[in-house]
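These notes concern the structure reproduced below.
Number of protein chains: 2
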Amino acid sequence: MVSVSRADCYVLDSEDPLRDMREEFSLPSGITYLLGNSLGALPRRTAAKVAHTVETEWGRDLGASWNTAGWWDLPQTTGDRLARLIGAGPGEVLAGDSTSTNIFKVMAAALPLRPGRRVIVSDLENFPTDRYVVEGVARALGSYEIRDIGSLDEALGDDVAAVLLSHVDYRTGALRDMDAVTARVHAAGALMIWDLCHSAGAVPVDLRAADADFAVGCTYKYLNGGPGAPAYLYVAERHQDAAYNVVSGWHGHADPFAFEPNYRPADGVRRFAAGSPPVLSYSALNASLDIWETVDMAQIRAKSVALTTLFIDLLDELCPDLTLVTPRDPAERGSQVSYRHQDGYPVMRALIDRGVVGDYRKPDIMRFGFAPLYVRYVDVYDAATALAEVLGKELWREERYQEQLTVT
Amino acid sequence: MVSVSRADCYVLDSEDPLRDMREEFSLPSGITYLLGNSLGALPRRTAAKVAHTVETEWGRDLGASWNTAGWWDLPQTTGDRLARLIGAGPGEVLAGDSTSTNIFKVMAAALPLRPGRRVIVSDLENFPTDRYVVEGVARALGSYEIRDIGSLDEALGDDVAAVLLSHVDYRTGALRDMDAVTARVHAAGALMIWDLCHSAGAVPVDLRAADADFAVGCTYKYLNGGPGAPAYLYVAERHQDAAYNVVSGWHGHADPFAFEPNYRPADGVRRFAAGSPPVLSYSALNASLDIWETVDMAQIRAKSVALTTLFIDLLDELCPDLTLVTPRDPAERGSQVSYRHQDGYPVMRALIDRGVVGDYRKPDIMRFGFAPLYVRYVDVYDAATALAEVLGKELWREERYQEQLTVT
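Protein chains in written order, with full-length UniProt numbering: chain P, 1 to 408; chain C, 1 to 408.
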């Protein structure tokens, strides 16, 4: 017995100001889905919107839809809708490409803004693609050093051009203080680039208040845009005239249909567009953003803190030997909770077999994501008690859970 | 009266070995669609496939679909399906991103393969994005000169690292001799990069026979993959070990789920992947590729030549004063026919009002694309006679056709 019962959780759900939001999503029955931090659930309205884009905009109206359905402007109009969720202004966010490609574009644009400084600071704990792409930018532009940080203060110096960090750590769920870190980076004369993949849609983000220079993020996690949905990039208005996008395709040209012989960047963030946007994937993303129009981010954060706190509290009681790697202080974490367990992989497989879907990250991390739009307090209860059962009865030791997955 | 009647065209359609293919497409009624060179028509099977991806793969199976539905491998599996259409081998083509981004990636990979050579050759007639992106690569990598060619022989020299040309010209429809040009470029010690946007799916392409080094192309024109569908890139097998993708995201890593601290490129063309693929857009493309599995490219070419020849012949009779800018020799053209007319814009608008959909490119080009999968001989007849009517009766001089579109 634990101090909070499943009946208590029902009461919490009934009092949840976001309780009706779950009805917006099509979730498979019998599943406790705690992986919205990896792939967000399908909004019920998405299928119809995508079908309309396929059958009417494409099939019936064909190329006219570049104008009439707004296809041409999707990177900007979608970007402006995302801006509200991350504290950016109109014209500061462009939706498109993948997070990886966007890191390349903004990093290659940022570095020349700090001539003479030849160091890029990243973090060994950063999501690997951030680190990998920084290597690619350094190789393309030449003569840049990549410095991994333990502590930010040690890494910063007057040789640092730009710092790229994740707002929320993909493994531990730890949340960085965006305002303080940005201020510290600026004090050292460097530019701050934030990766919002694991925070946008789960944690309030205010890029303008933090005075951030650039940012990137994806939309297929908490934002429910669909698998591989268009990512986004943010360029603070003050940098837009000087920031140059080296992936200088015609969609970023000042007058694309003049077919001028030379590249002339568009004003504003539009210059970071390259080629034709994958319209069907934007359609799904915009269906989800229709829901986000109605959401109060303060309610999202409050529920996120409540869900993650409840999960930690329950497991403190049920499984006191489990090693929590997520910060206990809610102010220092995003919307996921991670535990370390040497048999994390078979434990997670045993959990999934019992309908509780989280995931595993090498070498020993079990991740549980709590998307406040559709995760309920009873889901938290069910996940915690299922994990306690798997661990208490040593169910994960069954042979069928021992083989390795190639992709998790 | 012209020497070929509409009844004659009906006979030609009835004898067309590709006649049943039109039934695979959902074309709006009352429209003669001659813009498949810009946006291909919607395959009837696409809506159901996309709906399955949304509702079942995403909605029901969620993140498991990265494995079970093959999402993770979409860039490669889709690339292998495209390979057959462009004469590439398995493992030489990767689907993803936009043509513009792919030009960036392959050009940035090609140039270091010719150290000491600092010139990129392009063409003033090339589609602008090719030219714009080359500028961006030159700026990123530094110290590269861009040389525009009149004739290829004048431009080539021992300082040239790479040549980027379109296989079919987007305005005139002129077709380059891929074998001869590639051989000439190789004789000068340079690498050849082909842009196949306006040829793949309309003209047989054999990259291996031509010994091409790299190629890029889109899939939303003759290949009917949908608006902004994933583009593709080709890297000849012999270059794959040495070619480095500077947009080095985790999807191109040798072991992406090991989350290693440093980038280690995957073997083969996979290293050119960057971030998560926009799955819904791949789904639509793969629906179209199901149709292409059944198509004989020699029949496509034969019909393309017949359609374009008929169009030119009819307009020679009906509008002898029109200036043809597409080569008269079928061996020298792709699957579009372009005419120059000083009032090309209002003429095209008047045509579209009569249900004949082509497009206009500044300053004075009217383009008509003939997608052999679904354009009929009667469509050719209807388009030619409608154009003759508009020109003969000076219908385009009506005031309503004079205003300018922002996007065409």
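Note that the Cβ used here is the ideal one computed from N, Cα and C, for glycine as well.
All of these numbers come straight from a predicted model, not from anything done at the bench.
Pairwise C-alpha distance: Leu35 (chain C) and Met366 (chain C): Translated into the one-based positions of the second sequence, residue 366 (chain C) becomes position 366. Translated into the one-based positions of the second sequence, residue 35 (chain C) becomes position 35. Rounded to the nearest angstrom, the gap between the Cα atoms of Met366 (chain C) and Leu35 (chain C) is 11 Å.
Start-to-end residues for the alpha helix (DSSP H) that takes in Ser283 (chain C): Your numbering for residue 283 (chain C) matches position 283 in the second sequence. Following the DSSP letters along the chain, one finds Ser283 (chain C) inside the alpha helix (DSSP H) bounded by residues 279-292.
Three-state secondary structure assigned by DSSP to Ser26 (chain C): Along the second sequence, one-based indexing puts residue 26 (chain C) at 26. Ser26 (chain C): strand per DSSP, three-state reduction.
Assigned secondary structure, Val93 (chain C) (DSSP; H/G/I helix, E/B strand, else coil): Walking along the second sequence from the start, residue 93 (chain C) turns up at place 93. Here Val93 (chain C) sits in strand by DSSP.
Terminal residues of the alpha helix (DSSP H) in which Ala266 (chain P) lies: Along the first sequence, one-based indexing puts residue 266 (chain P) at 266. Counting along the chain, Ala266 (chain P) falls outside any alpha helix (DSSP H), and DSSP gives it neither H nor E.
Boundaries (first-last residue) of the beta strand (DSSP E) holding residue 425 (chain C): Look at the range of chain C in this structure, 1 to 408, and you will see that residue 425 (chain C) is not part of it.
Cβ-based contacts, 8 Å cut-off: residues of the segment 352-372 of chain P near chain C: For the segment 352-372 of chain P, which is checked against every Cβ of chain C, the residues closer than 8 Å are Val357, Asp359, Arg361, Lys362.
Within the segment 291-374 of chain P, ranges of the alpha helix (DSSP H) (whole runs, at least 4 residues): Runs found: 297-318, 344-353.
Under 9 Å from the C-beta of Pro28 (chain C): neighbouring residues of chain P: The sequence position of residue 28 (chain C) within the second sequence is 28, counting from 1. Close to Pro28 (chain C), with beta-carbon spacing below 9 Å, are these residues of chain P in chain order: Gly59, Arg60, Asp61, Leu62.
Within 8 Å, strictly: CB atoms of Ser335 (chain P) and Pro372 (chain P): Along the first sequence, one-based indexing puts residue 335 (chain P) at 335. Along the first sequence, one-based indexing puts residue 372 (chain P) at 372. Yes. Within cutoff.
Where Asp97 (chain C) meets chain P, residues with beta-carbon distance less than 9 Å: The residue you call residue 97 (chain C) lines up with position 97 of the second sequence. Asp97, Ser98, Thr101, Ala274, Gly275, listed in chain order.
Straight-line Cα distance separating Cys197 (chain C) from Leu314 (chain C): Within the second sequence, numbered from 1, the residue matching residue 314 (chain C) stands at position 314. Within the second sequence, numbered from 1, the residue matching residue 197 (chain C) stands at position 197. One C-alpha to the other measures close to 28 Å.
Cβ of Trp250 (chain P) within 8 Å of any chain C Cβ: Reading the first sequence from its first residue, position 250 is the one you call residue 250 (chain P). Yes, Trp250 (chain P) counts as interfacial toward chain C.
Beta-carbon proximity check, Ala161 (chain C) vs Arg117 (chain C), cutoff 8 Å: By 1-based counting over the second sequence, the position of residue 161 (chain C) is 161. By 1-based counting over the second sequence, the position of residue 117 (chain C) is 117. For Ala161 (chain C) and Arg117 (chain C), yes; Cβs fall inside 8 Å.
Reference Ala229 (chain C), options P:Tyr263, P:Pro277, P:Asn224, P:Ala243, closest by Cα: On the second sequence, residue 229 (chain C) is found 229 positions in, with the first residue counted as 1. Answer by Cα proximity: P:Pro277.
Beta-carbon gap between Tyr232 (chain C) and Val93 (chain C) smaller than 8 Å: The count along the second sequence starts at 1 and reaches residue 232 (chain C) at position 232. The count along the second sequence starts at 1 and reaches residue 93 (chain C) at position 93. Yes. Within cutoff.
Identity of the residue in C:Arg349, C:Asp241, C:Ala298 nearest Pro265 (chain C) by Cα: Position 265 of the second sequence, counting from 1, holds the residue named residue 265 (chain C). Distances from the alpha-carbon of Pro265 (chain C) to those of C:Arg349, C:Asp241, C:Ala298 put C:Asp241 closest.
Glu389 (chain P) at chain C interface by Cβ criterion, 8 Å: Stepping through the first sequence from its first residue, residue 389 (chain P) is reached at position 389. Not a single CB atom of chain C sits nearer than 8 Å to the CB of Glu389 (chain P).
Opposing strand residues paired with Ala200 (chain P) [DSSP bridges]: Numbered from its first residue, the first sequence carries residue 200 (chain P) at position 200. DSSP links Ala200 (chain P) through a beta bridge to P:Val203.
As assigned by DSSP and simplified to three states, the class of Thr101 (chain P): In the first sequence, residue 101 (chain P) corresponds to position 101, counting from 1. Here Thr101 (chain P) carries a helix assignment [DSSP, helix/strand/coil].
Beta-carbon spacing of Tyr33 (chain C), Val305 (chain C) below 8 Å: The count along the second sequence starts at 1 and reaches residue 33 (chain C) at position 33. The count along the second sequence starts at 1 and reaches residue 305 (chain C) at position 305. No, these two residues do not count as a Cβ contact at 8 Å.
Beta-carbon proximity check, Leu39 (chain C) vs Leu62 (chain P), cutoff 8 Å: Here the question's residue 39 (chain C) lines up with position 39 in the second sequence. Here the question's residue 62 (chain P) lines up with position 62 in the first sequence. Cβ distance < 8 Å, so Leu39 (chain C) and Leu62 (chain P) count as in contact.
Contact between the segment 281-291 of chain C and the segment 98-115 of chain C (3+ Cβ pairs under 8 Å): Using a Cβ-Cβ distance cut-off of 8 Å, the segment 281-291 of chain C and the segment 98-115 of chain C are not in contact, since fewer than three pairs of beta carbons, one from each stretch, lie closer than that value.
Span of the beta strand (DSSP E), counted from its first residue to its last, around residue 413 (chain P): Any question about residue 413 (chain P) goes unanswered here, given that chain P covers just 1 to 408.
Test: Thr219 (chain P) CB closer than 8 Å to a CB of chain C: In the first sequence, the residue the question calls residue 219 (chain P) occupies position 219. Residue contact check for Thr219 (chain P) against chain C: no CB pair falls below 8 Å.
Cβ-based burial, Asp123 (chain P) [other Cβ within 10 Å; buried from 16]: One-based indexing of the first sequence puts residue 123 (chain P) at position 123. Asp123 (chain P) should be labelled buried.
Own chain partners of Met192 (chain C) with C-beta closer than 6 Å, once the 5 adjacent residues on each side are dropped: Along the second sequence, read from residue 1 onward, the residue named residue 192 (chain C) stands at position 192. Cβ within range, chain order: Val163, Thr182, Val185, Ala212, Asp213.
Helix, strand or coil at Ser14 (chain C) according to DSSP, with G and I counted as helix: Sequence index remark: in the second sequence, residue 14 (chain C) carries index 14 (1-based). Of the three classes helix, strand and coil, the one that applies to Ser14 (chain C) here is helix, per DSSP.
Backbone CA spacing between Tyr144 (chain P) and Gly173 (chain P) [nearest angstrom]: Here the question's residue 144 (chain P) lines up with position 144 in the first sequence. Here the question's residue 173 (chain P) lines up with position 173 in the first sequence. Whole-angstrom Cα-Cα distance: 30 Å.
Simplified DSSP assignment, three categories, for residue 409 (chain P): This structure cannot speak to residue 409 (chain P), because chain P is shown only from 1 to 408.
Within-8 Å CB hit, Val2 (chain P) to chain C: Against the first sequence, residue 2 (chain P) aligns to sequence position 2. Under the 8 Å criterion on CB atoms, Val2 (chain P) is classed as non-interfacial with respect to chain C.
Host alpha helix (DSSP H) of Ser65 (chain C) (start-end): Stepping through the second sequence from its first residue, residue 65 (chain C) is reached at position 65. In the DSSP annotation of this structure, the continuous segment of the alpha helix (DSSP H) that includes Ser65 (chain C) starts and ends at 65-68.
Leu318 (chain P) versus Val2 (chain P) - alpha carbon distance: Locating residue 318 (chain P) in the first sequence gives position 318, counting from the first residue. Locating residue 2 (chain P) in the first sequence gives position 2, counting from the first residue. One C-alpha to the other measures close to 7 Å.
Interface partners of Gly157 (chain P) on chain C, CB under 9 Å: On the first sequence, residue 157 (chain P) is found 157 positions in, with the first residue counted as 1. Within chain C, no residue comes near Gly157 (chain P); the closest Cβ sits about 22 Å away, beyond 9 Å.
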